[in-house]
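Peer 1:
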Amino acid sequence: MTGPLDSPVLQVRDLHVQIAARHGTVRAVDGVSLEVNKGEAVGLVGESGSGKSMTLRAILGVLPPEAKITSGEILLDGVDLVKLPNHALNEIRGPKISMIFQEPMSALNPVMRVGYQIAEGPRVHRGYSKAKAAERAIELMRRVGIPDPERRFRAYPHEFSGGMRQRVMIAIALSCDPEIILCDEPTTALDVTIQDQILRLLAELCRDSGVSLIFVTHDLPVVAQLCQRVAVMYGGELVETGAVHEVLLDPRHPYTLGLVRSAPDVEHVRESLVPIPGSPPSLVSPPSGCRFHPRCAFVEEDCRVQPTPLRQLPGNRATACLHYERTEEALAADRIAP
Amino acid sequence: MSATTFPSEAPPPEFVTEPEAAAGPRRVRRWYTQPALLGGVILLALILAAAIFAPLLSSYNPITQNLTNTLQGPSAHHLLGTDQLGRDTFARLLYGLRNDLRIAFIAVLLPFLIGVVLGSISGYFGGWVDTVIMRIVDIVVAFPFYVLVIALVFVLGPGQRSIYIAITLIGWVSYARIIRGEILVAKRQDYVLAAQSGGLSSVRIMARHLVPNVISQAILYAMSDIVQDILAIVTLGYFGLGVPPPTPDLGSMINDGQNFLTTHWQLTTFPGLAVVIVGLSLSLIGDGLADIIRPGQA
Numbered sequence: 030m031t032g033p034l035d036s037p038v039l040q041v042r043d044l045h046v047q048i049a050a051r052h053g054t055v056r057a058v059d060g061v062s063l064e065v066n067k068g069e070a071v072g073l074v075g076e077s078g079s080g081k082s083m084t085l086r087a088i089l090g091v092l093p094p095e096a097k098i099t100s101g102e103i104l105l106d107g108v109d110l111v112k113l114p115n116h117a118l119n120e121i122r123g124p125k126i127s128m129i130f131q132e133p134m135s136a137l138n139p140v141m142r143v144g145y146q147i148a149e150g151p152r153v154h155r156g157y158s159k160a161k162a163a164e165r166a167i168e169l170m171r172r173v174g175i176p177d178p179e180r181r182f183r184a185y186p187h188e189f190s191g192g193m194r195q196r197v198m199i200a201i202a203l204s205c206d207p208e209i210i211l212c213d214e215p216t217t218a219l220d221v222t223i224q225d226q227i228l229r230l231l232a233e234l235c236r237d238s239g240v241s242l243i244f245v246t247h248d249l250p251v252v253a254q255l256c257q258r259v260a261v262m263y264g265g266e267l268v269e270t271g272a273v274h275e276v277l278l279d280p281r282h283p284y285t286l287g288l289v290r291s292a293p294d295v296e297h298v299r300e301s302l303v304p305i306p307g308s309p310p311s312l313v314s315p316p317s318g319c320r321f322h323p324r325c326a327f328v329e330e331d332c333r334v335q336p337t338p339l340r341q342l343p344g345n346r347a348t349a350c351l352h353y354e355r356t357e358e359a360l361a362a363d364r365i366a367p
Numbered sequence: 004m005s006a007t008t009f010p011s012e013a014p015p016p017e018f019v020t021e022p023e024a025a026a027g028p029r030r031v032r033r034w035y036t037q038p039a040l041l042g043g044v045i046l047l048a049l050i051l052a053a054a055i056f057a058p059l060l061s062s063y064n065p066i067t068q069n070l071t072n073t074l075q076g077p078s079a080h081h082l083l084g085t086d087q088l089g090r091d092t093f094a095r096l097l098y099g100l101r102n103d104l105r106i107a108f109i110a111v112l113l114p115f116l117i118g119v120v121l122g123s124i125s126g127y128f129g130g131w132v133d134t135v136i137m138r139i140v141d142i143v144v145a146f147p148f149y150v151l152v153i154a155l156v157f158v159l160g161p162g163q164r165s166i167y168i169a170i171t172l173i174g175w176v177s178y179a180r181i182i183r184g185e186i187l188v189a190k191r192q193d194y195v196l197a198a199q200s201g202g203l204s205s206v207r208i209m210a211r212h213l214v215p216n217v218i219s220q221a222i223l224y225a226m227s228d229i230v231q232d233i234l235a236i237v238t239l240g241y242f243g244l245g246v247p248p249p250t251p252d253l254g255s256m257i258n259d260g261q262n263f264l265t266t267h268w269q270l271t272t273f274p275g276l277a278v279v280i281v282g283l284s285l286s287l288i289g290d291g292l293a294d295i296i297r298p299g300q301a
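If you read the sequences in order, they're chains P and W. Numbering follows my numbering, with no gaps: position 77 of the first sequence is 106. Numbering follows my numbering, with no gaps: position 222 of the second sequence is 225.
1) Taking Cβ-Cβ distances shorter than 9 angstroms, what residues in chain P pair up with serine 78 (chain W)?
2) Let me check you understand the geometry: is the CB of asparagine 258 (chain W) closer than 6 angstroms to at least one non-hydrogen atom of the ligand ATP?
3) Counting C-beta neighbours from all protein chains within 10 Å, is the total for valine 119 (chain W) 16 or more, i.e. buried, or is it exposed?
4) What did DSSP end up calling aspartate 106 (chain P) once you bin it into helix, strand or coil?
5) Who are the near neighbours of glycine 27 (chain W) in its chain, counting only those whose CB is closer than 7 angstroms to its CB and skipping five residues on each side?
6) Considering only the beta carbon of each residue, do proline 310 (chain P) and threonine 356 (chain P) sit closer than 7 angstroms?
7) So within the segment 253-305 of chain P, which uninterrupted alpha helix (DSSP H) runs reach at least 4 residues, ignoring any that extend past its ends?
8) Going along chain P, which residues have a C-beta under 7 angstroms from aspartate 193 (chain W)?
9) Tell me, which residues are paired with glutamate 64 (chain P) by DSSP?
10) Residues of chain W with CB closer than 7 angstroms to the CB of leucine 110 (chain P), please, in chain order.
11) Quick check on the burial criterion: 16 or more other C-beta atoms within 10 angstroms. Buried or exposed for aspartate 43 (chain P)?
12) Proline 124 (chain P): buried (16+ other C-beta within 10 angstroms of its C-beta) or exposed?
13) What are the start and end residues of the beta strand (DSSP E) that includes cysteine 212 (chain P)?
14) Considering only residues of the same chain and omitting the five flanking positions on each side of isoleucine 208 (chain W), which have a CB-CB separation below 6 angstroms?
15) Just list the residues that DSSP pairs phenylalanine 273 (chain W) with in beta bridges.
16) Using a Cβ-Cβ cut-off of 8 angstroms (strictly less than) and excluding sequence neighbours within five positions of phenylalanine 128 (chain W), which residues of its own chain qualify?
17) Taking only runs that begin and end inside the segment 200-259 of chain W, name each unbroken beta strand (DSSP E) of 3 or more residues, in chain order.
18) With C-beta atoms as the reference, is glycine 76 (chain W) less than 7 angstroms away from glycine 89 (chain W)?
19) Return the CA-CA distance between cysteine 350 (chain P) and glycine 53 (chain P), expressed in angstroms with no decimal places.
20) Taking 7 angstroms as the CB-CB cut-off, is glycine 243 (chain W) touching chain P?
21) At a CB-CB cut-off below 9 angstroms, which residues of chain W make contact with serine 127 (chain P)?
22) Could you tell me which chain W residues have their CB closer than 7 angstroms to the CB of glycine 123 (chain P), listed as they occur along the chain?
23) CB-CB under 7 angstroms to glutamine 220 (chain W), same chain, minus the five flanking residues each way: which ones, in chain order?
24) Leaving aside the five residues before and after valine 313 (chain P) along the sequence, list all residues of the same chain whose C-beta is less than 8 angstroms from its C-beta, in chain order.
25) Kindly list, in the order they appear in chain W, the residues whose Cβ is closer than 9 angstroms to that of valine 153 (chain P).
26) Residues in the same chain with beta-carbon distance under 7 angstroms from glutamine 226 (chain P), minus the five sequence neighbours each way, listed in chain order, please.
27) Inspect the beta-carbon positions of leucine 242 (chain P) and alanine 117 (chain P) and report whether they are closer than 7 angstroms.
28) How big is the Cα-Cα spacing for tyrosine 145 (chain P) and glycine 130 (chain W)?
29) Is it right to say valine 108 (chain P) is buried, meaning 16 or more other beta carbons lie within 10 angstroms of its own, or is it exposed?
30) Of the residues W:Leu264, W:Gly201, W:Leu253 and W:Asn258, which one's Cα is nearest the Cα of isoleucine 121 (chain P)?
31) Kindly list, in the order they appear in chain P, the residues whose Cβ is closer than 9 angstroms to that of alanine 210 (chain W).
32) Beta-carbon of leucine 89 (chain P) versus every beta-carbon of chain W: anything under 7 angstroms?
33) Would you decide whether alanine 107 (chain W) is buried or exposed? Buried here means 16 or more other CB atoms lie within 10 Å of its CB.
34) Tell me the DSSP secondary structure of histidine 52 (chain P) in three-state form.
35) If I'm right that alanine 136 (chain P) touches arginine 152 (chain P) with Cβ under 8 angstroms, what's the distance once you round it to whole angstroms?
36) Taking 7 angstroms as the threshold (beta carbon to beta carbon), is proline 38 (chain W) in contact with chain P?
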């Protein structure tokens, strides 16, 4: 990706989201910064509870009532979404930014014909007539590969298979030609062949329409297939960012290394997968210093006390690890003894 | 994006919400396989037919008095005899059923609408709006339904208009509570989040997405609510607060007939039985619908 594509569509700066819970304040997102360029797909990976989905919901301004953006900026074409009132956000959600969800069954209204659900965006945001919106919906259904769209227009979500439902979700997300689509694990609920079809469809949309994507997942091969850049989240913080192939093949953070080692790889069949020991940190009282230090194999004294912001490395990548060279060494050892 | 021509043979797309679709995906058993529902529907159909075709079933005018022919027993001319003013009891029964059913079916609509709207607002927005609406609901619920209806109609004066006003003022709270509870659950669903992510307004999300998903519970309740309303109308008629005489009404028939209970029991018994059968048929329909519509219950 080069040339005019380098102007960022979306910039997230130092985003903090806190959730008020009974046992204290959960710092679900703690200082996340992201940039997404036009036509670019950025992967956001991490285990459950690392703040990936909260980041997406904060960008859209649809956080649950108990969660709040406490500081940070979300710039879409230079406009800070955090400062916009809800009615102004409603003009942006749909025409400029939209979202695809993990469970296509529950994210579609069970009692509304899918055609109407797709047509609703153009009806509301573009003032299309019923007939024109229906035409648009059928065109979108054809574009996302739903066979026989004229007839399927009047079907209910339960009459569709999982993959077809996800295509409907994509059609809804595309209905007002947004600049950026946020994808919250859209392929997790699908089997691998369907997953591949959906990923190809998304990649095609990126390429042909210049739509940008933020793709949240915990599935590394999916990120490798679709995304150009990746950001790894752990405990509400970014721990590593960079180009996909560099980060996944040559990680500079022990957590990324752990993720890579714990994922199955068809080409290099390992004796056994290596899990990351321990469990994700409490976000009410996160560990001091590096949040990953209680689970890290390379932990040193300073990891326990010293704060670990992202540091730029050569090659337009960044890591939060103080001793990232140790990761390189471990990786070299892996390669010698596969 | 290229424009696609809309095929002319396809039916014109209509943007209408379809309440009956609320049960669509979950309707696994055909309705007529439910014995309770089937029985209720048949019973209610018979009652409605009797009420609607009253002029065909009885050649007598329910109001015309015949003072030379009072308090007759059942005969070929007068199936259930005549009352103290010589009016045909069978004709009065049919027309009374007709009036009371009509008032009850109309009286259930307004509370239904108001309750669904206020309940949706309360459940969706929460906060102080919810607090205000629910405190009003609590106040109304604190009084027994019949006591409050009778008191209100007494204050407003007898007649149909008062019955409608009283039942509306009191009846909406049950719908509001039911819908609020359902919305509290439903608004946590992903499809609501998806609708919000699509930049839809709160009004649109409530009306187009939430209400069609939760309306079935209110419809179920409406079945038992009609029974309650019929009982209230009959009770008011019995106390002389209902439809003013000489218009036939089951409540006033029961009241008029009770003076002759020992000699002419049919004057009171058949209007009473009619109320029981109407209530039974609507309850059976309600139960049968509940079994079919409510998910996770056989």
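The beta-carbon is built from N, C-alpha and C at its ideal position, and this holds for glycine as well.
Peer 2: On the basis of the data shown:
1) In chain order: nothing, as chain P lies at least about 56 angstroms away.
2) Absent from the structure shown: the ligand ATP. Ligands present: none.
3) buried
4) coil
5) Here glycine 27 (chain W) scores only 45 on pLDDT, less than 50, and its place in the model should not be relied on; the value that follows carries that caveat. Nothing listed; no residue qualifies.
6) no
7) 273-278 and 283-291
8) Phe130, Glu132, Ser135 and Ala136
9) P:Gln40
10) What leucine 110 (chain P) touches in chain W: nothing, since even the nearest Cβ is about 12 angstroms away.
11) exposed
12) buried
13) 209-213
14) Ala198
15) None, per the DSSP bridge assignment.
16) Ser205
17) none
18) no
19) 28 angstroms
20) no
21) Ser200, Gly201 and Gly202
22) Gly201 and Gly202
23) Ile181 and Glu185
24) Ala50, His52, Gly53, Thr54, Val55 and Arg56
25) Gly201, Gly202, Leu203, Ser204 and Arg207
26) Gly192
27) no
28) 31 angstroms
29) exposed
30) W:Gly201
31) Those do not exist, as alanine 210 (chain W) stays about 12 angstroms from chain P at its closest Cβ, beyond 9 angstroms.
32) yes
33) buried
34) coil
35) Alanine 136 (chain P) to arginine 152 (chain P), Cβ: 19 angstroms. No contact.
36) no
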